[in-house]
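Below: the structure, in structure tokens.
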Amino acid sequence: MFRDFMSEEAGCHPALQVSMNLEELRLYLLAKKGATEETPFGPGALVYKVMGKMFALVAEDAEPLSITLKCEPGQALFWRDLYAAVRPGYHMNKTHWNTVTLDGSIPQSELSGMIDDSYELVVEGLTRARREELARGPADPD
């Protein structure tokens, strides 16, 4: 999915596929159904939520950029073992969250999978009524 979003056919320059910048990351996160961007912790920390529940936290001032994502416990350990750029979630429950440094060492297909998994985990944790509300989308103002 991310590869399609970032493809040359989608108007993205191939060089941008090597390392994601903040705007590309924001666009990908906000493309998720019902996703919102907030700054409850002040400037420098972009929080992405679906139906009021966080699925990503971007440290926009970090160099290189980093993102904290929800993850199943076994998968969290797998990613940490596989990539040095993946560590236990910074200021988060270390069992369920990973912080990923976007230093170019993780293939974009895997990064997109981590983002997608985080979003899906949060959606799966919503009540059935909230999932149905999300599926319906925003109400018409008319």
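Numbering (this note's numbering), first residue to last: 195 to 336.
All residues carry an ideal CB built from backbone N, CA and C; glycine is no exception.
Keep in mind it's a predicted model, so treat the numbers as computed, not measured.
For residue 286, there is no enclosing alpha helix (DSSP H), as DSSP marks it with neither H nor E. In this structure, residue 305 keeps its C-beta atom at 9 angstroms or more from the C-beta atom of residue 317. The segment 209 to 260 contains, as complete alpha helix (DSSP H) runs of 4+ residues, the segments 216 to 224 (chain order). Residue 295 and residue 284 do not touch by the CB rule: their CB atoms are close to 10 angstroms apart, not below 8 angstroms.
For the pair residue 224 and residue 313, the Cα-to-Cα distance works out to about 11 angstroms. Within the DSSP bridge table, the entry for residue 281 names 293 as partners. A distance below 9 angstroms separates the beta carbons of residue 220 and residue 252.
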